[in-house]
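Undergrad: In our numbering, the protein residues as written are 41 to 313.
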Amino acid sequence: MKPDRDAPIGVFDSGVGGLTVAREIMRNLPSEKIVYFGDTARVPYGGKSRENIIRYSRQIIHFLMEQQVKAIVIACNTASAFALEAVRDEFDVPILGVIEPGARVAAAETKNRRVGVIGTVGTVDSGIHASYLKKLDPDITVISKACPLFVPLVEEGWLHDPVTAEVTARYLQEFKDKDVDTLILGCTHYPLIRSVIREFMGEEVRLVNPAYETALELRSLLENKKLLNTGGKNEEFPYRFYVSDLAEKFRAFAGSILPYDVEMTKKIDIEKY
Ligand code: DGL
């Protein structure tokens, strides 16, 4: 059965990070329903191998297809870096990642052509942001750095904490020293500690959160495919949340950062898919 305009959008991440993307979809495409999956049993993805990330992504996409989604957003840079190309043509619905949209904003906004990228070890080692940025503008100098402690700090909920501020200073001093004017938050968890990053980097540095651009790209993709929902949600639970572990912890966290009361999160056995 072909998906229709009324079908939900599938969004997934290793954990809570993808909520920063779901939040922008909720704001910018308010008529759309969302099925969110957070792989809380297997978070973090950042230090895992390409093979595993591809296997996890396939399982999650199979689950989302069972929910009859009309499009999928890989709201995770690590999974976008490793799995997007591998899975894109395997499924019957359009699949979007978050890396290209972020690179586009950064290339358009940098003035001194010195762009920083922070992300997980997997994303940074893949070099994928740098290759998109260089394609957009070969004169851009890209300085990338993995910040592996950020994801556990976010998952722990230490969003405004002196420990997070200290770790931020250790990781990001290099970007100040190298005079970047634009910094891509290349992990969907990082916008949740944006205020700490902003405080350290100062107002002059442009912080790029690819979530907004991704939501806009999703809208034009749905428009082109005549899948944009213009009607309205008319449903009791327009946003449904699934995780692979610790459903209540996830629900409480999601409720604290979304402009919406998260009433229910369900745990599913993702290894079945
Ligand atoms: N939020 C994810 C990303 O954008 C994954 C973080 C992790 O699980 O290590 O890369």
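We treat Cβ as the ideally placed atom computed from N, Cα and C, and that holds for glycine.
Grouping DSSP H, G and I as helix and E and B as strand, with all else coil, what is I308?
TA: Translated into the one-based positions of the sequence shown, residue 308 becomes position 268. Residue state, collapsed to three classes: coil.
Undergrad: Helix or strand or just coil, what does DSSP make of F131?
TA: Against the sequence shown, residue 131 aligns to sequence position 91. In this structure, F131 counts as coil in the three-state DSSP scheme.
Undergrad: Could you check where the beta strand (DSSP E) with T222 kicks off and where it finishes?
TA: The residue labelled residue 222 in the question sits at position 182 within the sequence shown. Its beta strand (DSSP E) spans residues 222-225.
Undergrad: Okay, do the stretch 138-157 and the stretch 165-172 touch, 3+ Cβ pairs below 8 Å being the bar?
TA: yes
Undergrad: Taking only heavy atoms of ligand 1 into account, decide whether any of them is closer than 8 Å to the Cβ of A119.
TA: Numbered from 1 along the sequence shown, position 79 holds the residue referred to as residue 119. A119: yes, Cβ under 8 Å from ligand 1.
Undergrad: Are the beta-carbon atoms of R280 and P48 separated by less than 9 Å?
TA: Counting from one through the sequence shown, the residue named residue 280 turns up at place 240. Counting from one through the sequence shown, the residue named residue 48 turns up at place 8. Cβ atoms of R280 and P48: closer than 9 Å.
Undergrad: What number of angstroms, rounded off, separates the C-alpha of E253 from the C-alpha of A81?
TA: Counting from one through the sequence shown, the residue named residue 253 turns up at place 213. Counting from one through the sequence shown, the residue named residue 81 turns up at place 41. Roughly 29 Å separates the two Cα atoms.
Undergrad: Buried or exposed: P250, going by 16 or more other Cβ atoms within 10 Å of its Cβ?
TA: Your numbering for residue 250 matches position 210 in the sequence shown. With at least 16 other beta carbons inside 10 angstroms of its own, P250 counts as buried.
Undergrad: Measuring only the C-alpha atoms, how far is A115 from F77?
TA: For this step, residue 115 is matched to residue 75 along the sequence shown. For this step, residue 77 is matched to residue 37 along the sequence shown. If I take the Cα positions, the gap works out to 10 Å.
Undergrad: Hey, how far is the Cα of H229 from the Cα of L189?
TA: As a working mapping, residue 229 is identified with position 189 in the sequence shown. As a working mapping, residue 189 is identified with position 149 in the sequence shown. Taking the straight line from one Cα to the other gives about 11 Å.
Undergrad: Taking C-beta to C-beta, are D79 and S284 nearer than 9 Å?
TA: Taking the first residue of the sequence shown as 1, we reach residue 79 at position 39. Taking the first residue of the sequence shown as 1, we reach residue 284 at position 244. In contact: D79 and S284 (Cβ atoms closer than 9 Å).
Undergrad: With the cut-off set at 9 Å, would you say I158 and K185 are in Cβ contact?
TA: In the sequence shown, counting from the first residue as 1, residue 158 sits at position 118. In the sequence shown, counting from the first residue as 1, residue 185 sits at position 145. Yes, Cβ-Cβ distance for I158 and K185 is below 9 Å.
Undergrad: Ligand 1 heavy atoms versus the CB of Y85: any closer than 8 Å?
TA: Position 45 of the sequence shown, counted from the first residue, corresponds to residue 85. Flag set: Cβ of Y85 near ligand 1.
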